[in-house]
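Each residue of the sequence shown is one higher than the one before, starting from 6 at the first, in our numbering.
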Amino acid sequence: MLNDSTIAQLAQELADAERDRAVIPRITARHPEATIDDSYAIQRVWQEKNLAAGRRLVGRKIGLTSKAMQQATGISEPDYGVMFDDTVWENGSVLPFDAYSNVRIEVELAFVLNAPLEGPHCTVMDVLRATEYVTPALEVLNSHIELEGRTIVDTISDNAAYGGMVLGGNPTRPDAVDLRWVSALLYRNETIEETGVSAGVLNHPATGVAWLANKLHHHGDRLEPGEIILAGSFTRPVWISRGDSVLCDYGPLGTISCRFL
């Protein structure tokens, strides 16, 4: 376990790295004794710094919920991070490439809640009852810790590598479609890069949201009405370069796009 001063120091390093668009050495290389609980403690201190600076919490992201993502990262269990109001982009937006480090795109579904969700026994059915609508989303990954050799402790400490999200498509009631069969075609610069089906997220994308509610209970927290929950990617991440355009076709749920300059 890390002591409070080390946790505070690492949270400050990550805050500075976000400000400077920098990458810091792996936490686990310097502190091999660090645990998953330590990593969430680092993330919470980092979160409190941002809230104190005036940013507003609008939701959470869940990561590493699919086999595709676990194989791509070498990490075998889900994680979560927080999302602030200034990280949400509208469909068709132009995003500043220099605002991010190690830029990648993931294909996801976003759940928008109209009721609270709380563990420790939250289920998929609880999630569906508490969801106002589901909508397509692209997540921008933004890593401030060196990628090679990282573990889940590094990833969680770095706010689960969350950078931003683009929301779009057709908002849909959760009972209006079989969410397991939502599929997507991801294009970068008019070339198809990835395809996937949302059942790749723990067999049902709402399973990830239930996992998150139960995990938050362990940390003395819950999901609130109005929060946006990114349920996890059902494709591998696609690397992005400056000038790239991205389009994702979700079939009946519509399309979503963005560009990086």
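By construction, the Cβ of each residue, glycine as well, lies at the ideal position given by its N, Cα and C atoms. Remember, it's a predicted structure, so these values are computed and weren't measured experimentally.
Give the DSSP-derived three-state secondary structure of residue i in the structure shown.
| i | result |
| --- | --- |
| residue 183 | coil |
| residue 240 | coil |
| residue 136 | strand |
| residue 28 | coil |
| residue 129 | helix |
| residue 43 | helix |
| residue 151 | coil |
| residue 70 | coil |
| residue 13 | helix |
| residue 65 | strand |
| residue 205 | helix |
| residue 56 | helix |
| residue 200 | strand |
| residue 18 | helix |
| residue 144 | strand |
| residue 163 | coil |
| residue 177 | strand |
Comparing C-alpha positions only, which one of the options sits nearest to residue i?
| i | options | result |
| --- | --- | --- |
| residue 186 | 145, 202, 263 and 195 | 202 |
| residue 85 | 103, 259, 263 and 46 | 46 |
| residue 258 | 146, 35, 51 and 172 | 172 |
| residue 41 | 121, 110, 104 and 82 | 82 |
| residue 168 | 102, 204 and 129 | 102 |
| residue 155 | 37, 6, 24 and 13 | 37 |
| residue 95 | 9, 204 and 175 | 175 |
| residue 6 | 71, 43, 261 and 49 | 43 |
| residue 126 | 212, 60, 178 and 64 | 212 |
| residue 26 | 104, 266, 190 and 177 | 104 |
| residue 22 | 59, 149 and 50 | 149 |
| residue 267 | 134, 247, 17 and 251 | Coverage of the chain is limited to positions 6 through 266, which leaves residue 267 absent and any answer about it impossible. |
| residue 151 | 249, 19 and 142 | 19 |
| residue 71 | 246, 204 and 253 | 204 |
| residue 253 | 242, 178, 141 and 247 | 141 |
| residue 48 | 15, 64 and 61 | 15 |
So, using beta-carbon positions, are residue i and residue j closer together than 7 Å?
| i | j | result |
| --- | --- | --- |
| residue 227 | residue 123 | yes |
| residue 132 | residue 33 | no |
| residue 99 | residue 170 | no |
| residue 106 | residue 28 | yes |
| residue 193 | residue 146 | no |
| residue 195 | residue 240 | no |
| residue 30 | residue 120 | no |
| residue 209 | residue 139 | no |
| residue 207 | residue 67 | no |
Check your understanding: Is there contact between the segment 106 to 116 and the segment 227 to 247, where contact requires at least three CB pairs shorter than 8 Å?
Key -> yes
Point to revise | Cβ contact (3+ pairs, closer than 8 Å) linking the segment 43 to 60 and the segment 83 to 97 | key: yes
Check your understanding: Taking three-plus beta-carbon pairs below 8 Å as touching, is the segment 162 to 175 in contact with the segment 205 to 221?
Key -> no
Check your understanding: Are at least three pairs of beta-carbons, each pair with one atom in the segment 174 to 184 and one in the segment 246 to 263, less than 8 Å apart?
Key -> yes
Review point. If you scan the segment 208 to 265 from start to end, which runs of the alpha helix (DSSP H) of 4 or more residues do you find wholly inside it?
Key: 210 to 223
Exercise for review: Please list the segments of the beta strand (DSSP E) lying wholly inside the segment 86 to 132, counting only runs of 3 or more residues, in order along the chain.
Suggested key: 93 to 95, 98 to 100 and 109 to 118
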